[in-house]
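Residue numbers (my numbering): 94 to 384. Glycine is no exception: its CB is placed at the ideal position from the N, C-alpha and C atoms.
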């Protein structure tokens, strides 16, 4: 429907703009941008999403406190919340979570259903525990465990095919940022997944600049919006096409209860993937940052 409306608006724009008859590259861009602005009300609504990645932190007692606090909190009904405790506590978190808007995620899984893969977790095992989400491609998996773009893409496809939803992490290092390679790195990481995943309905992309994770340094809201828009624009040029408008793109990297509100009016920042702050009471403030 949006594509038909776009074509209709484009024909009107061309009719009204006598300088567009030659349909040069510059005029195409002008007409296209005008059409996008005209169609803004028709853009797909994206539910605000806040993920909490506990990493290898927490005890049963501390995670119990987090889950109980979420259960007791007056959370917005229009925000999707996903928390990812360490693997030993997944079943406990699922059992004790009482909020319909809160789900549980694993921090990793493998691209095989079973076998001699010591230490790995299969999507089937996660489903057996009623864990619906998994985080894949986190920079710590890429750097510490040397996971390649291709392996992460394979894991993403297998998890989706197995019925899980995926938070797919991307992002550049400080050296790549300084070299002006931010977008190229994100494109490369995304393209590997685009090559094997055709349906992105159950994929959430998390842009997490490596230089901002756990450092106290966060991208400005303006910078994050600019990069998120470039990521969405890139996805729209790939095989997934119009699905890009519905893909939620999260920001991650030293998000806390104070700076989360700065992102409130950024059209392409659809939420956060939170690290350290998800272990603290301020996590609830982040969840409420769009109120």
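Give me, in chain order, the residues of the same chain whose beta-carbon lies closer than 8 Å to that of residue i; leave out the 5 immediate sequence neighbours on both sides.
| i | result |
| --- | --- |
| residue 360 | 318 and 322 |
| residue 161 | 189 |
| residue 353 | 365, 378, 379 and 382 |
| residue 186 | 156, 160, 176, 178 and 197 |
Roughly how many whole angstroms lie between the Cα atoms of residue i and residue j?
| i | j | result |
| --- | --- | --- |
| residue 292 | residue 180 | 27 Å |
| residue 201 | residue 357 | 29 Å |
| residue 142 | residue 205 | 28 Å |
| residue 289 | residue 377 | 36 Å |
| residue 349 | residue 213 | 31 Å |
| residue 384 | residue 255 | 35 Å |
| residue 203 | residue 221 | 15 Å |
| residue 140 | residue 193 | 15 Å |
| residue 272 | residue 165 | 46 Å |
| residue 134 | residue 191 | Caution is warranted here: a pLDDT of 39 is assigned to residue 134, below 50, making its placement in the model unreliable, and no coordinate value can be reported. |
| residue 362 | residue 253 | 23 Å |
| residue 235 | residue 276 | 17 Å |
Starting from residue i, follow the alpha helix (DSSP H) in both directions and report where the run begins and ends.
| i | result |
| --- | --- |
| residue 190 | Segment: none, residue 190 is in no alpha helix (DSSP H) and carries neither H nor E. |
| residue 248 | 242–254 |
| residue 233 | 232–236 |
| residue 165 | 153–165 |
| residue 203 | Counting along the chain, residue 203 falls outside any alpha helix (DSSP H), and DSSP gives it neither H nor E. |
| residue 375 | 375–380 |
| residue 320 | 314–330 |
Hey, residue i and residue j: beta-carbon distance below 8 Å or not?
| i | j | result |
| --- | --- | --- |
| residue 375 | residue 346 | no |
| residue 337 | residue 328 | yes |
| residue 176 | residue 371 | yes |
| residue 227 | residue 198 | yes |
| residue 209 | residue 249 | no |
| residue 284 | residue 230 | no |
| residue 144 | residue 178 | no |
| residue 257 | residue 225 | yes |
| residue 298 | residue 324 | yes |
Leaving out five residues before and five after residue i in sequence, what residues of the same chain have Cβ atoms less than 7 Å from its Cβ?
| i | result |
| --- | --- |
| residue 266 | 303 and 304 |
| residue 274 | 265 |
| residue 118 | Annotation note: pLDDT 39 at residue 118 (below 50); position unreliable, no value reported. |
| residue 115 | Because residue 115 sits at a pLDDT of 46, beneath the cut-off of 50, its placement in the model cannot be relied upon, and the following sentence gives the value as read from the coordinates. Counting only Cβ-Cβ distances below 7 Å, and skipping sequence neighbours, we find nothing. |
| residue 223 | 187 |
| residue 278 | 265 and 269 |
Over what stretch of residues does the beta strand (DSSP E) that includes residue i continue unbroken?
| i | result |
| --- | --- |
| residue 261 | 258–263 |
| residue 228 | 226–229 |
| residue 343 | 342–344 |
Could you check how far apart the C-beta atoms of residue i and residue j are, in whole angstroms? I think they sit under 8 Å.
| i | j | result |
| --- | --- | --- |
| residue 307 | residue 368 | 6 Å |
| residue 355 | residue 312 | In fact, because the Cβ distance is near 10 Å, the residues do not count as touching under 8 Å. |
Excluding the 5 residues flanking residue i on each side, which residues of the same chain have their C-beta closer than 6 Å to its C-beta?
| i | result |
| --- | --- |
| residue 130 | With a pLDDT of 39 at residue 130, under the threshold of 50, the modelled position of this residue cannot be trusted; read the value that follows with caution. Correct list: empty, nothing qualifies. |
| residue 242 | 282 and 285 |
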